[in-house]
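Its first residue numbered 498, the sequence shown is counted upward by one per residue in the working numbering. First up is the structure itself, then whatever we jot down about it.
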Amino acid sequence: MSTPETTVRDIALEQPAAIRIFEKFGIDYCCGGRKALAEACEERSLNVDAVLAAIADAEEVHQPASRDWATATLEDLCRHIVDKHHAFIRAELPRLLQLAQKVVSRHGESHPELGQIQCLVESTGEELLQHLNKEEVVLFPYIANLERNVANCGPQPLGCFGSVRNPICMMIAEHDAAGEAFSEIRKLSQDFTPPEGACPTYCGFYAALADFERDLHRHVHLENNVLFPRAIEMEESCG
Ligand SMILES: [Fe+2]
Ligand SMILES: [Fe+2]
Numbered sequence: 498m499s500t501p502e503t504t505v506r507d508i509a510l511e512q513p514a515a516i517r518i519f520e521k522f523g524i525d526y527c528c529g530g531r532k533a534l535a536e537a538c539e540e541r542s543l544n545v546d547a548v549l550a551a552i553a554d555a556e557e558v559h560q561p562a563s564r565d566w567a568t569a570t571l572e573d574l575c576r577h578i579v580d581k582h583h584a585f586i587r588a589e590l591p592r593l594l595q596l597a598q599k600v601v602s603r604h605g606e607s608h609p610e611l612g613q614i615q616c617l618v619e620s621t622g623e624e625l626l627q628h629l630n631k632e633e634v635v636l637f638p639y640i641a642n643l644e645r646n647v648a649n650c651g652p653q654p655l656g657c658f659g660s661v662r663n664p665i666c667m668m669i670a671e672h673d674a675a676g677e678a679f680s681e682i683r684k685l686s687q688d689f690t691p692p693e694g695a696c697p698t699y700c701g702f703y704a705a706l707a708d709f710e711r712d713l714h715r716h717v718h719l720e721n722n723v724l725f726p727r728a729i730e731m732e733e734s735c736g
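See the structure below:
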């Protein structure tokens with residue numbers, strides 16, 4: 498049972514229905530998930546008991562069964578991350594940049610925060626694309642190989658980086674940077690709320706930013722909180 502002292506990350510892991518509630522309240526459960534729920538609520542001026550009650554309610558409404566990634570093979574989990582979340586970023590980023598361009602050219606003068614948001618989307622987007630490549634070319638194949646070797650009781654694969662912990666640390670730092678950029682975007686956009694009477698492109702841009710952040714959080718949650726700890730545990734188990 499979750500309490501105000503339980504970390505946001507642990508709640509998201511144990512009660513997946515809580516993820517929708519965190520999204521609704523703008524609580525970061527992936528990069529910022531190491532905080533206790535009470536602290537995360539305080540930062541967003543939320544009542545922790547109300548958030549806990551909303552989580553309990555969400556648990557009661559049965560969520561459609563999602564795959565249990567705590568027991569799936571790591572190779573399947575990596576494939577799912579690439580097919581669902583990496584593909585989403587690659588498809589969505591050009592659209593997001595186009596929308597940003599349009600909105601800044603039309604409303605940038607009266608809304609200077611739009612220019613700041615555009616810069617953040619451009620720099621974070623570029624970093625994210627490089628990040629996806631590192632995972633797909635180096636880390637995920639290494640993890641799949643590690644899993645195969647452990648299954649065959651064979652020796653651990655020798656990565657050029659020593660332990661799997663090293664690239665994982667780098668990936669987590671990059672997740673943190675993307676998470677911080679998005680919490681800045683959230684602040685600049687008043688929680689993705691367009692001004693009254695905003696044009697459809699303005700509204701579409703903010704809605705696309707909110708969708709992008711939601712997917713990024715689900716993606717980083719699967720990596721930071723499920724895939725990476727399982728890969729480290731697997732490497733250690735074959736000592
Ligand atoms: Fe990823
Ligand atoms: Fe990642």
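All C-beta atoms in this analysis are idealised placements derived from N, C-alpha and C, irrespective of residue type, glycine included. Values in this document were obtained by computation on a predicted structure and should not be read as measured data.
Integer-rounded CB distance, given that residue j should sit under 8 Å from residue i
{"i": "GLY523", "j": "ASP688", "result": "6 Å"}
{"i": "ILE729", "j": "ARG662", "result": "6 Å"}
{"i": "ILE669", "j": "LEU629", "result": "The Cβ separation is near 15 Å, so there is no contact."}
{"i": "VAL618", "j": "ALA597", "result": "5 Å"}
{"i": "CYS575", "j": "ILE640", "result": "6 Å"}
{"i": "THR504", "j": "GLY529", "result": "With a Cβ gap of about 10 Å, THR504 and GLY529 do not count as contacting."}
Closer than 6 Å: residue i CB and nearest ligand 2 heavy atom
{"i": "GLU720", "result": "yes"}
{"i": "MET668", "result": "yes"}
With 16 other Cβ atoms within 10 Å as the buried cut-off, status of residue i
{"i": "ASP573", "result": "exposed"}
{"i": "ASP525", "result": "buried"}
{"i": "ARG564", "result": "exposed"}
{"i": "THR621", "result": "buried"}
{"i": "ASN722", "result": "buried"}
{"i": "LEU549", "result": "buried"}
{"i": "ALA584", "result": "exposed"}
{"i": "LEU571", "result": "buried"}
{"i": "SER686", "result": "buried"}
{"i": "ALA502", "result": "Looking at the sequence itself, residue 502 is Glu, so the reference to Ala does not match. So GLU502 ends up on the exposed side."}
{"i": "GLU632", "result": "buried"}
{"i": "GLN615", "result": "buried"}
{"i": "CYS657", "result": "exposed"}
{"i": "ARG506", "result": "buried"}
{"i": "GLY694", "result": "exposed"}
{"i": "GLU732", "result": "buried"}
{"i": "CYS527", "result": "buried"}
{"i": "ARG592", "result": "exposed"}
{"i": "HIS559", "result": "Note that HIS559 scores 49 on pLDDT, short of 50, meaning its location in the model is unreliable; the coordinates nonetheless yield the value given after this. Looking at its Cβ environment, which holds fewer than 16 other Cβ atoms inside 10 Å, HIS559 is exposed."}
{"i": "HIS718", "result": "buried"}
{"i": "GLU511", "result": "exposed"}
is_contact[residue i, chain B] using C-beta, thresh 7 Å
{"i": "LEU549", "result": "Of the protein chains in this structure there is only one, and it is not chain B."}
CA nearest to the CA of residue i, picked from the options
{"i": "LYS532", "options": "ALA547, ALA514, ILE518, ALA509", "result": "ALA509"}
{"i": "ALA553", "options": "SER499, ARG592, LYS521", "result": "SER499"}
{"i": "ALA514", "options": "ASN544, GLU633, GLU556, ILE614", "result": "GLU556"}
{"i": "GLU720", "options": "LEU685, PRO664, GLU693, SER680", "result": "PRO664"}
{"i": "ILE682", "options": "GLN613, ALA567, CYS575", "result": "GLN613"}
{"i": "TYR699", "options": "VAL601, HIS577, ILE516", "result": "VAL601"}
{"i": "SER680", "options": "GLU710, CYS696, VAL647", "result": "GLU710"}
{"i": "GLN627", "options": "PRO609, LEU590, HIS604", "result": "LEU590"}
{"i": "LEU636", "options": "ILE516, GLY659, ARG506, ALA535", "result": "GLY659"}
{"i": "ARG517", "options": "ALA551, LEU534, CYS528", "result": "ALA551"}
{"i": "ALA535", "options": "CYS527, VAL545, PHE519, PRO691", "result": "VAL545"}
{"i": "ARG692", "options": "ALA569, MET667, HIS604", "result": "It is worth fixing the name first, because residue 692 is Pro in this sequence and not Arg. Ranking the options by Cα distance to PRO692, first place goes to HIS604."}
{"i": "PRO697", "options": "PRO638, PRO609, LYS599", "result": "LYS599"}
{"i": "ALA547", "options": "ASN642, CYS650, LYS521", "result": "LYS521"}
{"i": "PRO726", "options": "GLU610, ALA567, GLN595, HIS577", "result": "ALA567"}
{"i": "MET667", "options": "LEU625, LEU643, ASN649, CYS650", "result": "LEU625"}
Contact test: residue i Cβ vs ligand 1 heavy atom, cutoff 6 Å
{"i": "GLU632", "result": "yes"}
{"i": "ILE578", "result": "yes"}
Three Cβ pairs or more, each shorter than 8 Å: is that satisfied between the stretch 698-712 and the stretch 540-547?
no
Exercise. Can at least three beta-carbon pairs, one atom from the stretch 675-682 and one from the stretch 708-720, be found at a separation below 8 Å?
Worked result: yes
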